[in-house]
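Read in this note's numbering, the sequence shown has 130 at position 146, and its numbers run on one by one without any break. Yeah, the Cβ is synthetic: ideal placement off N, Cα and C, and Gly gets one too. Predicted model, so just to flag it, every value in this text is computed and none were measured. What follows is one structure encoded as structure tokens, with my remarks underneath.
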Amino acid sequence: MLLLALDTATPAVTVALHDGTAVIASSSQVDARRHGELLLPAVDRLLADAGRALDAVTGIVVGIGPGPYTGLRVGLMTADTFGLALGVPVHGLCTLDGLAYAADLDGPFVVATDARRKEVYWARYADSRTRVTEPAVDRPADIADRVAGLPAVGAGALLYPDTFPQAHEPEHVSAAALAALAAERLAAGAELPAPRPLYLRRPDAQVPKNYKVVTPK
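As structure tokens, then:
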């Protein structure tokens, strides 16, 4: 097994390789505006550092969000392209699940990432491997009663200490955590789903009002 994992659902452009036993290489860069520019060079460096060729990869793991439309689609399209070119399966994992796995907390807690517009993408967890609510997007003040008293991880939690007073790192997801979680589930015989993006709201870009479609006569 050689899994190539990547995620662009948060400001982090993160990639990793997992050989079925452990993460053998990983890289993360935080730059919310350069996902498309940074991702492929990061994969090239990762493979070079690990001394592995791309055609040795046996599966792709990609974070499916939730996240902003523009950044999220960079990772998803890249993962699909690698899968088609190599003829290997592409597995989707919730980005929040990767953060929860990296947090390695016992007992209930919350993962929250920055959704912009003064909102967070969030979900509750029973432990680092078990999500108990579907991912959602809300204003922090609107969910304060549902997360009260719970530890929280992620950039969204760190941004809003009034709602998440027990917030701490990790701030962004790491592909290393996604790869390790995927390898663990695959080794246990689980079938990981094909990647389907978690777009929890409409993209920021919209067609202007009174837009006229001009077609040739």
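Pairwise C-alpha distance: residue j and residue i
{"i": "Pro46", "j": "Ala132", "result": "It should be pointed out that residue 46 corresponds to Val in this sequence rather than to Pro. Roughly 31 Å separates the two Cα atoms."}
{"i": "Ala87", "j": "Cys78", "result": "15 Å"}
{"i": "Phe66", "j": "Val104", "result": "30 Å"}
{"i": "Ser158", "j": "Gly173", "result": "23 Å"}
{"i": "Arg113", "j": "Arg18", "result": "30 Å"}
{"i": "Pro73", "j": "Leu(-10)", "result": "14 Å"}
{"i": "Val116", "j": "Gly91", "result": "12 Å"}
{"i": "Asn89", "j": "Ala141", "result": "Note on identity: in this sequence residue 89 is Leu, with Asn being the wrong assignment. Straight-line Cα distance between these residues: approximately 15 Å."}
{"i": "Ala189", "j": "Arg101", "result": "Interpretation of Ala189 is limited by its pLDDT of 46, a score under 50 that renders its predicted location unreliable; no figure is taken from the coordinates."}
{"i": "Asp111", "j": "Glu175", "result": "21 Å"}
{"i": "Leu143", "j": "Val137", "result": "11 Å"}
{"i": "Asp3", "j": "Leu30", "result": "13 Å"}
Residue from the options with nearest C-alpha to residue i
{"i": "Ile44", "options": "Leu70, Tyr109, Leu23", "result": "Leu70"}
{"i": "Ala125", "options": "Pro145, Pro135, Arg108, Tyr109", "result": "Pro145"}
{"i": "Tyr183", "options": "Ala(-7), His156, Leu(-13)", "result": "Ala(-7)"}
{"i": "Arg130", "options": "Asp3, Thr97, Trp106", "result": "Trp106"}
{"i": "Ala(-4)", "options": "Leu176, Ser11, Thr5, Met(-15)", "result": "Ser11"}
{"i": "Val(-1)", "options": "Leu162, Arg180, Arg185", "result": "Leu162"}
{"i": "Val121", "options": "Ala139, Leu142, Ala99, Val137", "result": "Ala99"}
For residue i: DSSP bridge partner residues
{"i": "Ile44", "result": "Leu(-12), Val74"}
{"i": "Leu1", "result": "Leu(-12), Ala9"}
{"i": "Val95", "result": "Ala107, Val137"}
{"i": "Leu14", "result": "Per the sequence shown, the amino acid found at residue 14 is Val instead of Leu. In the DSSP output, where bridge partners are listed per residue, Val14 has Ala(-4)."}
{"i": "Arg206", "result": "The requested residue 206 does not occur in the structure, where the chain is confined to residues -15 to 201."}
Counting pairs of Cβ atoms below 8 Å between the stretch 29 to 39 and the stretch 137 to 150, do you hit three or more?
-> no
Does the stretch 82 to 100 come within contact of the stretch 45 to 62, defined as at least 3 CB pairs closer than 8 Å?
-> yes
Checklist line | Cβ contact (3+ pairs, closer than 8 Å) linking the stretch 166 to 176 and the stretch 57 to 64 | finding: no
In chain order, which beta strand (DSSP E) runs of at least 3 residues are fully inside the stretch 117 to 185? 120 to 122
Quick one: which unbroken beta strand (DSSP E) runs of 3-plus residues sit fully inside the stretch 18 to 68? Chain order, please. 43 to 47
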